[in-house]
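Have a look at the structure below, then the notes.
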Amino acid sequence: MDFYLDSSAKLDKSCTIGRFSVVGKGVKIGKNVVIGSNVVIHAGVEIGDNSIIGDGVILGQQPSLSKLSSLSYNKELPGLIIGRGVKIGSNAVVYAGSVLKDEVTVGDFASIREHCVVGPSSLIGRQVTLENQVKIGPATRIQTGAYITAYSEIGENVFIAPMVITTNDNYLGRTEERKEKIKGVTIRRGARIG
């Protein structure tokens, strides 16, 4: 065995795990899951049946905040939940406390921060960044390199074109007042942005 499997992790015998991967404490992995090489799966992550995790992926990472961050977490976040039939491309990072529903596809090098929910059959493209506490509806497509700011809500069947950037700070980080008024964008069902 050329990967690390914590003794408390539970995985179905049909799973395959690539070389030099790490499966942490309390991880649960369903049937027919394929995990690439050099993958790190942190404590408490759950991966549904028939999911594919690409090489170099990091799942369930706990946030590490700057002293200047407007966020604060007093305790460790719960494990990442990944539904059935999810595909996560190489070198993506998905933080703890998030949920990827069934049949979600995440492209290579994408970053999904803590407390995000991505609806079923949605696509998060290559190098997309979802900041913390973003909610994405079912069957939504966010294309390559888009940046979705924290606290955003994106509805069902939305299309966001490559390199679209959203923002949520009208004060440009200069005042304490911004912390009370900060909120993300709201994009309704069926919208097309680009």
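Note that this note's numbering has the sequence shown beginning at 3, numbered continuously upward.
Built from N, CA and C at the ideal position, the CB exists for glycine as well.
Quick caveat: nothing in here was measured; it's all calculated off a predicted structure.
Through-space distance from residue j to residue i, alpha-carbon basis
i      : j      : result
Lys33  : Ser123 : 19 Å
Thr131 : Gly46  : 23 Å
Lys103 : Thr168 : 23 Å
Ile55  : Pro65  : 21 Å
Thr188 : Asp8   : 41 Å
Ile162 : Val35  : 29 Å
Asp121 : Lys137 : Contrary to the premise, residue 121 reads as Gly rather than Asp in this sequence. Roughly 8 Å separates the two Cα atoms.
Ile114 : Gly50  : 18 Å
Gln198 : Ala112 : For the chain, the structure presents residues 3 to 196; residue 198 sits outside this window and is missing.
Asp57  : Pro80  : 24 Å
Tyr173 : Thr151 : 15 Å
From the options, residue whose alpha carbon lies closest to that of residue i
i      : options                       : result
Asp4   : Ser23, Lys12, Asp110, Val95   : Ser23
Asp110 : Gly91, Met165, Glu158         : Gly91
Leu82  : Ala98, Val29, Ala94           : Ala98
Glu133 : Glu182, Tyr173, Ser100        : Ser100
Cys118 : Val166, Gln129, Ile84         : Ile84
Lys213 : Pro80, Glu48, Met165, Ser53   : In this structure the chain extends from 3 to 196, so residue 213 is not present and cannot be described.
Asp171 : Glu116, Met165, Glu182        : Glu182
Glu116 : Ala141, Arg128, Gly127, Glu78 : Glu78
His44  : Gly50, Ala11, Asp57, Cys17    : Ala11
Gly26  : Asp14, Glu48, Val96, Asp57    : Glu48
Gly127 : Val166, Gln135, Glu158        : Val166
Gly196 : Pro164, Tyr173, Pro80         : Pro164
Glu158 : Ser16, Arg194, Leu13          : Arg194
Beta-carbon spacing of residue i, residue j below 8 Å
i      : j      : result
Tyr149 : Lys185 : no
Leu125 : Ile156 : no
Ser39  : Gly20  : yes
Val106 : Ala94  : no
Val41  : Val59  : yes
Arg86  : Gly139 : no
Val160 : Thr142 : yes
Thr18  : Ile37  : yes
Closer than 7 Å: residue i CB and nearest the ligand SAH heavy atom
i     : result
Glu48 : In the structure shown, the ligand SAH is absent, as is every other ligand, since no ligand is present at all.
Boundaries of the beta strand (DSSP E) in which residue i is found, first to last residue
i     : result
Gln63 : 60-63
Val95 : 95-97
Proximity test, Cβ basis, 8 Å: residue i and chain C
i      : result
Gly196 : Although the question refers to chain C, the structure presented lacks it and comprises just one protein chain.
In chain order, each beta strand (DSSP E) run of at least 3 residues that lies wholly inside the stretch 131-183 | Complete beta strand (DSSP E) runs here, min 3: none at all.
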